[in-house]
Each structure stands twice: as structure tokens, then as C-alpha cells.
Amino acid sequence: MSEVELTAEAKVLLAEKGWDKGYVAFGSTASESTVRLAVAFNVLGKPCTWVMLSFDDKLLKSTADEDPNMITPGATEMMGVKSDMWKLLSGGRACMPALCVDGTMFMDSDEIVKMLAVQQNAPPEVLELIELSRTSNAILSEVLKHFGWSALHASTGYAMCTKEHYDAFGEGKKDAAWEKAKTDQVKAFFSKLEGILADKPAINGCYVGDTLTLADAALFSWPLSFSDVAGLNVSAEYPKLWENWTKLKESRPKGSERFILGFPTLCEYASAANKAAREGGFEINKYWRTDKDGRAYLEQFGVQAKLSTAVAIVMKERPANPIRAIVELLKKSRE
Ligand SMILES: N[C@@H](CCC(=O)N[C@@H](CS)C(=O)NCC(=O)O)C(=O)O
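Next comes the structure, spelled out in C-alpha cells:
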């Protein structure tokens with residue numbers, strides 16, 4: 170859980186604003202992290218009050234005069250993610266999203282989705298996927314910053330965000346060993362999802378079964394962010410994942426509208442800010458190109474590990490038909 174420690178001043182402010190009652194979510198649903206919360210509340214069918222956080226340092230104000238297409242649906246008030254008020258309410262973290270539950274503030278999208286899923290007694294397959302997103306979140310976010318966001322934010326003089334959250338990343342900030350180690354973890358994450366989708370009878374926009382779950386909420390943004398922010402060729406490397414994302418995008422679940430319609434514009438700016446560096450060789454796909462030999466291909470799907478586990482079990486248990494037993498074990502295995 171990621172409860173935010175609030176000062177007495179912050180607690181008074183929450184109470185004054187009435188944000189200490191029920192579920193109050195903070196963020197712009199066009200953001201890749203915040204959309205998870207918005208989709209989660211749709212999946213749960215729970216009421217939630219939204220306070221919009223804009224990518225700037227604006228003081229708290231009404232959303233009445235704003236372009237409704239740019240506003241988090243339902244939000245009547247907004248403030249900047251870099252504003253002093255949000256710094257106070259987020260315990261100094263100054264990022265989005267956050268969820269206040271009866272006066273207790275929580276941050277980190279996947280932590281929040283996990284908390285909601287545990288409260289709902291979500292099935293193990295759903296919890297397992299939320300856990301995958303939660304435990305990979307920091308690394309995936311760093312890679313997105315490195316190959317995508319940091320150049321965009323540097324190009325705007327960090328007008329949209331806090332400089333310290335982004336300026337350790339980007340061209341020249343990390344060495345090849347760092348990039349290789351992090352992209353290996355990105356590969357493990359996406360390969361796992363690709364394997365899970367490959368095991369499904371049909372790709373339908375849902376990671377588990379055929380209705381949207383909190384797993385879809387937690388995993389919502391990763392395919393688009395890696396494709397359009399980091400510039401990874403997701404559709405070619407992970408075709409099932411991309412097909413699933415395409416179906417999900419077309420179904421445009423409630424809560425995801427601002428992300429599906431608004432986020433691509435931000436992605437275009439990120440691509441433009443990275444264009445020259447990518448042409449000069451600072452680009453993520455090179456870490457996938459080196460993998461195109463047979464061993465890496467098999468490893469991507471865990472083929473050797475699955476096979477040797479199955480063979481070891483068969484050697485131990487000595488079933489009458491070892492080939493059939495291996496086939497059955499392979500069918501069951503997902504690791
Ligand atoms: N791990 C966090 C990441 C939060 C995050 O980086 N949010 C971005 C928007 S998607 C943000 O607030 N950026 C502004 C900043 O960091 O200054 C989560 O999943 O909630």
C-alpha cells in the first residue's frame with residue numbers, strides 16, 4: 170500500500186474542501202497512470218469524485234471555463250500537478266494519480282488498483298496481473314522517461330512537470346549496461362503478457378476472460394506508452410498484446426476516453442522531441458534487434474524453461490505415457 174503521510178495542514182485542507190469523504194480521485198485521465206484509476210472505477214461501478222490535475226502549476230480553480238474536451242470527466246475543480254496545494258496534498262510527491270479514501274490519501278496507480286482488487290476479492294489470475302504491473306511499474310516508468318518523456322519535458326523547460334522527476338533520464342544520462350538491464354526487464358514483462366494472451370482462445374481486449382477486470386485497468390496504458398512514447402515497435406514484437414490493445418481501444422471503456430483521445434497528442438510531441446536523437450541511434454528498438462537469434466526467441470516465450478521443468482517432472486513421476494504427460498504439463502504451464 171502506498172499511503173501518503175499527510176501534515177495537519179493537509180488534513181485541514183482536505184476537510185475544508187470536503188475531499189475527506191468517500192472516494193476522491195486526483196488526476197488528469199489523459200495521463201497514462203491516471204487512466205488506470207478511471208478504468209478501475211468503471212469496472213467496479215463505484216462512485217468517485219474527480220479533482221482534475223493539470224500539467225502545470227495553476228492554483229485551484231473551477232473547471233467551468235475550460236474546454237470540456239480537456240477536462241477529466243466529472244471534475245468541477247482543478248489545480249496544477251506542480252502547484253503548492255497539490256505538493257501539500259500529495260506529501261511532496263507532486264505527481265498523479267492519487268486516491269483519497271475517507272480522508273486517507275493513497276498514491277501510485279497500481280498500488281491503488283491492487284488495494285481496490287484485494288477489497289473486492291478479485292480472482293487470483295486478476296491479482297497476479299495487477300501484481301505484475303505493480304512490481305514492474307518503476308522500471309517500466311524509468312524506461313518510458315529515458316526513451317520518451319525526458320526529452321519532451323526538457324524541451325518545454327519542465328513546464329508540465331517537476332524537473333527532478335525526469336532529468337536523470339534521456340540521451341547521455343545512462344550507459345548501455347543500464348539500458349540493456351532495464352530493457353531486459355521490459356522484455357520479460359511484455360513476454361509474460363504475450364504468453365498469457367497466446368494461451369487465450371481468442372483475443373478480445375481483456376487479459377482474463379471476456380469482460381473487463383481490474384487487471385485490464387492496471388495494464389491499460391503500457392502497450393500505447395511503449396509504442397508511442399518510447400517508440401518501441403510493440404505491434405511487431407508483441408503481436409497478441411497489440412491486437413488486444415487495439416480491441417480494447419476500439420471498445421473505449423468508460424473512464425478511458427480522455428486517454429484514448431488526448432494521450433496520442435502528447436505522444437506526438439514526445440516523438441517530435443526525440444526525433445533527432447532516435448535518428449542518431451538513441452532508440453529503444455536496438456535492444457530488441459540483438460535478440461533475433463534462435464535462443465533469444467525461445468527464451469522470450471520461456472520454451473526451454475517450460476520444457477526442462479516438464480521433463481524433470483516426468484523423470485520423477487514416471488507416467489505410463491511420458492510424451493502425453495509432457496504435452497499436458499506444457500499446456501498447463503505459463504511460466
Ligand atoms: N508510478 C506512478 C507514476 C506517476 C507518474 O509519473 N505520473 C506522471 C503522469 S502519468 C506525473 O505525475 N508526472 C508529473 C511529474 O512527475 O512531475 C504511478 O503509477 O502512479
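Each residue of the sequence shown is one higher than the last, beginning at 170 in our numbering. For each residue, glycine too, the CB sits at the ideal point set by N, CA and C. Remember, it's a predicted structure, so these values are computed and weren't measured experimentally.
Checklist entry - Roughly how many angstroms lie between the CA atoms of F358 and F210, to the nearest whole one? => result Reading the sequence shown from its first residue, position 189 is the one you call residue 358. Reading the sequence shown from its first residue, position 41 is the one you call residue 210. Cα-Cα distance, rounded: 25 Å.
Next on the checklist: F195 and L257 - do their beta-carbons sit closer together than 9 Å?
Outcome noted: On the sequence shown, residue 257 is found 88 positions in, with the first residue counted as 1. On the sequence shown, residue 195 is found 26 positions in, with the first residue counted as 1. For L257 and F195, no; Cβs fall outside 9 Å.
Item to check | Collapsed DSSP secondary structure at M156 in the structure displayed | outcome: This structure does not reach residue 156, given that the chain is present from 170 up to 504, and the question cannot be answered.
Item to check | For K190, the nearest candidate out of S396, L301 and C217 (CA to CA) | outcome: Taking the first residue of the sequence shown as 1, we reach residue 190 at position 21. Of the candidates S396, L301 and C217, the one whose C-alpha sits nearest the C-alpha of K190 is C217.
Checklist entry - Does DSSP classify T273 as helix, strand or coil? => result What you label residue 273 is simply residue 104 of the sequence shown in a count that begins at 1. It is a strand residue.
Next on the checklist: Comparing C-alpha positions only, which one of A442, W391, L213 and I492 sits nearest to L298?
Outcome noted: If you number the sequence shown from 1, residue 298 lands on position 129. Checking every option, the nearest Cα to that of L298 belongs to W391.
Item to check | Buried or exposed (CB count within 10 angstroms, at least 16 for buried), R303 | outcome: Here residue 303 corresponds to residue number 134 of the sequence shown, with the count starting at 1. Looking at its Cβ environment, which holds 16 or more other Cβ atoms inside 10 Å, R303 is buried.
Checklist entry - Counting Cβ pairs, one atom from each stretch, are 3 or more of them under 8 Å apart for the segment 447-458 and the segment 218-238? => result By the Cβ rule, the segment 447-458 does not count as touching the segment 218-238, because fewer than three pairs are nearer than 8 Å.
Next on the checklist: I'd like the list of long-range same chain contacts for M265, defined as Cβ closer than 7 Å, with 5 residues on each side in sequence excluded.
Outcome noted: The residue labelled residue 265 in the question sits at position 96 within the sequence shown. Hits under 7 Å: F195, G196, S197, S200, S202, T203, L222 and V250.
Checklist entry - Across which residues does DSSP place F195 in a beta bridge pair? => result The residue labelled residue 195 in the question sits at position 26 within the sequence shown. DSSP output for F195 lists V220 and A267 as bridge partner(s).
Item to check | V472 classed as buried or exposed, judged by whether at least 16 other C-beta atoms fall within 10 angstroms | outcome: Indexing the sequence shown from 1 puts residue 472 at position 303. An exposed status is given to V472, since fewer than 16 other beta-carbon atoms sit within 10 Å of its beta-carbon.
Item to check | Exposure label - E363; buried when at least 16 CB within 10 Å | outcome: If you number the sequence shown from 1, residue 363 lands on position 194. A buried status is given to E363, since no fewer than 16 other beta-carbon atoms sit within 10 Å of its beta-carbon.
Checklist entry - By how many angstroms is the C-alpha of L296 removed from the C-alpha of A387? => result The residue labelled residue 387 in the question sits at position 218 within the sequence shown. The residue labelled residue 296 in the question sits at position 127 within the sequence shown. Using only the alpha carbons, I get a separation of about 10 Å.
Next on the checklist: Between which residues of its own chain and V355 is the CB-CB distance below 6 Å, once the five residues before and five after are set aside?
Outcome noted: Counted from its first residue, the sequence shown places residue 355 at position 186. Cβ-Cβ distances below 6 Å link V355 to V312 in the same chain, with the five nearest sequence neighbours on each side left out; the list follows chain order.
Next on the checklist: When you compare the CB positions of E340 and F451, do they come within less than 9 Å of one another, or not?
Outcome noted: For the purposes of this step, residue 340 is taken as the residue at position 171 of the sequence shown. For the purposes of this step, residue 451 is taken as the residue at position 282 of the sequence shown. The answer is yes: Cβ separation under 9 Å.
Checklist entry - Do three or more CB pairs link the segment 332-352 to the segment 364-377 at distances below 8 Å? => result No contact exists between the segment 332-352 and the segment 364-377.
Checklist entry - Is the beta carbon of K251 within less than 8 Å of some heavy atom of ligand 1? => result Along the sequence shown, one-based indexing puts residue 251 at 82. Indeed, a heavy atom of ligand 1 lies less than 8 Å from the Cβ.
Next on the checklist: Tell me which residues share the same chain as M276 and place their Cβ nearer than 7 Å to its Cβ, disregarding the 5 neighbours each side in the sequence.
Outcome noted: Position 107 of the sequence shown holds residue 276. Here the set comprises S171, V173, S259, R262 and A267.
Next on the checklist: For A399 and I453, which I take to be in contact (beta-carbon distance under 8 Å), what is that distance rounded to the nearest angstrom?
Outcome noted: Here the question's residue 399 lines up with position 230 in the sequence shown. Here the question's residue 453 lines up with position 284 in the sequence shown. The Cβ separation is near 5 Å, so the contact holds.
Checklist entry - Could you give the residue range of the alpha helix (DSSP H) that holds M329? => result Within the sequence shown, residue 329 is the residue found at index 160, counting from 1. Judged by DSSP secondary structure, M329 falls outside any alpha helix (DSSP H); it is assigned neither H nor E.
Checklist entry - When DSSP builds the beta bridges, which residues end up paired with S231? => result Position 62 of the sequence shown, counted from the start, is the residue given in the question as residue 231. DSSP lists E246 as partners of S231.
Checklist entry - Which ranges would you report for the alpha helix (DSSP H) in the segment 467-499 if only whole runs of at least 4 residues count? => result If we require 4 residues or more, the alpha helix (DSSP H) runs fully inside the segment 467-499 come out as 472-486.
Checklist entry - Any heavy atom of ligand 1 closer than 8 Å to the Cβ of D279? => result Here residue 279 refers to the residue found at position 110 when the sequence shown is read from its first residue. The answer is yes for D279.
Checklist entry - For K283, which residues of its own chain have a beta-carbon under 6 Å away from its beta-carbon, when the five flanking residues on both sides are left out? => result Position 114 of the sequence shown holds residue 283. Here the set comprises I299 and R303.
Item to check | Collapsed DSSP secondary structure at E294 in the structure displayed | outcome: As a working note, residue 294 is residue 125 in the sequence shown. Three-state result, E294: helix.
Checklist entry - Applying the criterion that 16 or more other CB atoms from any shown protein chain within 10 Å of the CB defines a buried residue, is A328 buried or exposed? => result Residue 328 sits at position 159 when you count from the first residue of the sequence shown. Counting Cβ neighbours within 10 Å, A328 comes out exposed, since fewer than 16 surround it.
Item to check | Cβ separation of P433 and D397, assumed to be a contact under 8 Å, to the nearest whole Å | outcome: By 1-based counting over the sequence shown, the position of residue 433 is 264. By 1-based counting over the sequence shown, the position of residue 397 is 228. Contact check for P433 and D397: beta-carbon distance about 6 Å, within the 8 Å limit, so the pair qualifies.
Item to check | Exposed unless 16 or more other CB atoms sit within 10 angstroms - verdict on N490 | outcome: On the sequence shown, residue 490 is found 321 positions in, with the first residue counted as 1. Looking at its Cβ environment, which holds fewer than 16 other Cβ atoms inside 10 Å, N490 is exposed.
Item to check | Cα-Cα separation, N306 to S278 | outcome: Along the sequence shown, one-based indexing puts residue 306 at 137. Along the sequence shown, one-based indexing puts residue 278 at 109. Cα to Cα, N306 sits roughly 9 Å from S278.
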